[in-house]
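Participant: Using our numbering, the letters of the sequence shown correspond one by one to residues 83 to 447. In this text, a Cβ means the ideal position worked out from N, Cα and C, and glycines have one as well. Okay, here's the structure, questions in a sec.
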Amino acid sequence: MSSQDQDVIDKIFSTGYSLLASGNKVVSDAANKIIDNVSRIGTEAGNKRFEVKSVGTVGRSGRSPLDWVSRRKNGIFWGLGLTAMGMLLWWQVANLVKVPSSLPQHKKKCVLVLGDMRDPIIRSQVMDLYRRRFVVFVCPASVTKRSNYENQQEEDDFLRFIGPSSSSDLANFVEFVTKKGEDKCELASVLFMPNLSYYPTGEMSVGELNSEIQTNVSVYYTLLTKLLPHLTSKNTQLLLFNPSLSYNMSISHHSVEILISGLMQGVYRSLKNHKRVSTYMIHIGMLQVAAQPSNYKYLSIRGSNINDDMLLPVYRLIASHQGNWLLRLGNWIRTFGSLNRNVYCGKRSYISGLPFSEIIALLIN
C-alpha cells in the first residue's frame, strides 16, 4: 500500500471518530439538561408541599381552610340561602296554623248562644267568648216575660239578649248579621246549649217533663228553624252541646237528662246534612267550674278543668272553621273530611264514641 492510500484511510477514520465524538457530546448534554430539569421540578414541588404560610393554618393535606372555603363558596351560599328560606317558610306556616288567643281587633264577629245563663257551664262559655272579643247574643228560653228579659239585659249590659218568642228581636238580629259595609258583623257560630249542669232526678209529672223539654230543646229548635232561611252564608257553624254521659251509662234516676241527650242526637241527625250549616256535636263530660263539680254530681269522679277541656277547644273549633286555608284544612283532616263531627270535651266524654259504652262505664265508675 502506497503512502497516498494510507493517508486517505486515515482521513476517513479521523472524520468518523470526530462525528462520533460530537454525537456523544450532544447526547450527554441533552441527558444532563433533562436530569437537571427533573431535579429542579421535584425540588420546587417538595418546597410547595411543605411550605408553611402561617402558624395554625395548615391542615393534614397542607392546604389552608380559606382555600377549602373559596373552592366551595357557591355550595355554601346555596346552603345558607336554602336554610334561611326554609326557616322563613316554617315561621310563616307556624303563624298560619296557630289560632290567636282572641279575635283581632279589626275583625268583628258574633255568636248566638241558645241557652240559659243561670247554668254555670253555659255562663262560663258565654263569658269566655265575650273575653275573646266576640259580640255575644244570648237567647234564654226561661225568659218568657218582657220584664224579666229587660231585667237580665240590665244585669249583663255587655251582652245582647234575644227574646225567644219575640219576632222583632229575631228580625233585628238577622238585620245585624246580614248587613254589608264596614260595620258588618259576621255570624261565626250558633251554640245550641240545653242545660248542662243540672236536671231533676227521679220520677216527674207529665207537666214537669214537658216543661223541661220545652225550655231545653223545643224553644231553641223552633227559633233555629226560623233563623236558618235568613242566613246568607252557606257554611255557618252550628254547635250542639249534648250531656251524653247519662245517656251512654243508662242511669235510670236521671231520666230527664237521658231524654234531653236523646233529643239532641235527633236534632244532630236532622241538621247534619243541612245545606246552610255545618253541624258539630259537642259531647260534654265531667267538668269543674272554679274547682267545684258542675255536672254529673251523682258520679264519684272528679271532673276536669272547664277552661282547658271545653272553653279553649270550643273557641279553637269556632276560630278554625272560618279561618285561613291551613286552619280549615286541619279541621277537615280532624273530622275525616267532615264525616265525623263529634267533639269530646271533659273527662270521660270519649265514652260517647266507644262501643259497649255501658259496660265500660260500669267498669270505670
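Hey, out of VAL218, TRP414, THR165, LEU278, whose CA is closest to PRO202's CA?
Facilitator: Measuring from the Cα of PRO202, the nearest candidate turns out to be LEU278.
Participant: Just to confirm, is the Cβ distance from THR361 to ARG423 under 9 Å?
Facilitator: It is a contact, given that the beta carbons lie within the stated cut-off.
Participant: By Cβ distance, which residues of its chain are closer than 7 Å to GLY428, with the 5 residues on each side in sequence left out?
Facilitator: Result list for GLY428: ILE366, GLY367, MET368, LEU369, GLY385, SER386, ASP391, MET392, in chain order.
Participant: Since VAL338 and PRO282 are thought to touch, with beta carbons under 8 Å apart, how far apart are those beta carbons, to the nearest angstrom?
Facilitator: Sure, about 6 Å apart at Cβ, within 8 Å.
Participant: In the structure shown, what three-state DSSP assignment does ILE244 receive?
Facilitator: In the structure shown, ILE244 sits in coil (DSSP, three-state: anything other than H, G, I, E or B).
Participant: Report the three-state DSSP secondary structure of ALA352 (helix, strand or coil).
Facilitator: The residue asked about is misnamed: residue 352 is Ser in this sequence, not Ala. Helix.
Participant: Report buried or exposed for ASP265, applying the criterion of at least 16 other Cβ atoms within 10 angstroms of its Cβ.
Facilitator: Counting Cβ neighbours within 10 Å, ASP265 comes out exposed, since fewer than 16 surround it.
Participant: How about SER271 and THR318: do their beta carbons lie closer than 9 Å?
Facilitator: For SER271 and THR318, yes; Cβs fall inside 9 Å.
Participant: By the DSSP assignment, the beta strand (DSSP E) with VAL371 in it spans what residues?
Facilitator: Looking at the DSSP string, the run of the beta strand (DSSP E) that includes VAL371 is 369–371.
Participant: Applying the criterion that 16 or more other CB atoms from any shown protein chain within 10 Å of the CB defines a buried residue, is PHE240 buried or exposed?
Facilitator: Flag for PHE240 reads exposed.
Participant: Do you know offhand how far GLU268's Cα is from ASN298's?
Facilitator: Approximately 26 Å, taken between the alpha carbons.
Participant: Helix or strand or just coil, what does DSSP make of LEU320?
Facilitator: Residue state, collapsed to three classes: strand.
Participant: Rounding to the nearest angstrom, what Cα-Cα distance links GLY245 and MET169 in this structure?
Facilitator: In a straight line, the C-alpha of GLY245 is about 53 Å away from that of MET169.
Participant: Run through DSSP, which three-state label would PHE255 get?
Facilitator: DSSP places PHE255 in helix when its eight states are reduced to three.
Participant: Please work out which residues of its chain come closer than 7 Å, Cβ to Cβ, to MET199, disregarding the five sequence neighbours upstream and downstream, and give them in chain order.
Facilitator: Once the five neighbours on either side are set aside, the close Cβ partners of MET199 are ARG205, VAL208, VAL220, PRO222.
Participant: Note down, in chain order, each residue of its chain lying with its Cβ closer than 6 Å to the Cβ of THR260, except the 5 sequence neighbours on either side.
Facilitator: Here the set comprises THR314.
Participant: Tell me whether the beta-carbon of PHE274 lies closer than 9 Å to the beta-carbon of LEU321.
Facilitator: Cβ distance < 9 Å, so PHE274 and LEU321 count as in contact.
Participant: Excluding five sequence neighbours on each side, which residues of the same chain lie with their C-beta closer than 7 Å to the C-beta of ARG398?
Facilitator: Excluding residues within five positions, the ones whose Cβ falls inside 7 Å are VAL181.
Participant: Could you tell me which of VAL349, HIS312, MET363 sits nearest to TYR303, measuring between CA atoms?
Facilitator: Residue VAL349 is the option with its Cα nearest to TYR303.
Participant: Assuming ILE433 and LEU327 form a contact by the criterion Cβ under 8 Å, report the distance between their Cβ atoms to the nearest whole angstrom.
Facilitator: Confirmed, Cβ separation roughly 7 Å.
Participant: Quick one: what does DSSP say SER136 is sitting in, helix, strand or coil?
Facilitator: Confidence is the limiting factor: at SER136 the pLDDT is only 45, short of 50, which leaves the residue's position unreliable and the question unanswerable from this model.
Participant: Report buried or exposed for PRO311, applying the criterion of at least 16 other Cβ atoms within 10 angstroms of its Cβ.
Facilitator: That one is exposed.
Participant: Please name the residue in ALA253, TYR378, LYS354 whose C-alpha comes closest to that of SER420.
Facilitator: When only C-alpha atoms are compared, the closest one is LYS354.
Participant: Measure the beta-carbon distance from ILE333 to VAL425 and round it to whole angstroms, keeping in mind my assumption that it falls under 8 Å.
Facilitator: Actually they do not touch by this definition, with Cβ atoms about 23 Å apart.
Participant: Drop a sphere of 10 angstroms on the beta-carbon of MET167, count the other beta-carbons inside from all chains shown, and report buried for 16 or more, exposed for fewer.
Facilitator: Exposed is the call here.
Participant: Ordered along the chain, which non-local residues of its own chain (more than five positions away) have a Cβ less than 6 Å from that of SER184?
Facilitator: Excluding sequence neighbours, SER184 sits near ARG214, ARG215.
Participant: Cutting at 8 Å between CB atoms, please list the residues of its own chain near TYR380, excluding the five before and the five after it.
Facilitator: Cβ neighbours of TYR380 beyond the five flanking positions: THR283, ILE333, HIS335, HIS336.
Participant: Take ASN377 as the anchor and find which of LEU409, VAL288, VAL217, ARG430 has the nearest alpha-carbon.
Facilitator: Answer by Cα proximity: ARG430.
Participant: Give a yes or no on whether the C-beta atoms belonging to LEU211 and ILE400 are separated by under 9 Å.
Facilitator: In this structure, ILE400 lies closer than 9 Å to LEU211 by Cβ.
Participant: With DSSP run on the structure shown, which of helix, strand or coil describes MET346?
Facilitator: Residue state, collapsed to three classes: helix.
Participant: Quick check on HIS335: does DSSP put it in helix, strand or coil?
Facilitator: If DSSP states are grouped into helix, strand and coil, HIS335 belongs with the helices.
Participant: Around the Cβ of ARG131, are there at least 16 other Cβ atoms within 10 angstroms (buried) or fewer (exposed)?
Facilitator: The pLDDT assigned to ARG131 is 46, lower than 50, so where the model puts this residue is not dependable; a value taken from the coordinates is nonetheless given after this. With fewer than 16 other Cβ atoms within 10 Å, it is exposed.
Participant: Just to confirm before moving on: does the CB-CB distance between LEU309 and VAL396 stay below 9 Å?
Facilitator: Going by C-beta atoms, LEU309 is not nearer than 9 Å to VAL396.
Participant: Among the candidates HIS188, GLY263, SER343, whose CA atom is the shortest distance from the CA of PRO325?
Facilitator: It is SER343 whose Cα lies nearest to the Cα of PRO325.
Participant: Could you check the C-alpha separation between GLN347 and LEU162 for me, to the nearest Å?
Facilitator: Each residue's alpha carbon lies about 56 Å from the other.
Participant: Assign ILE433 to one of three DSSP states: helix, strand, or coil.
Facilitator: ILE433: helix per DSSP, three-state reduction.
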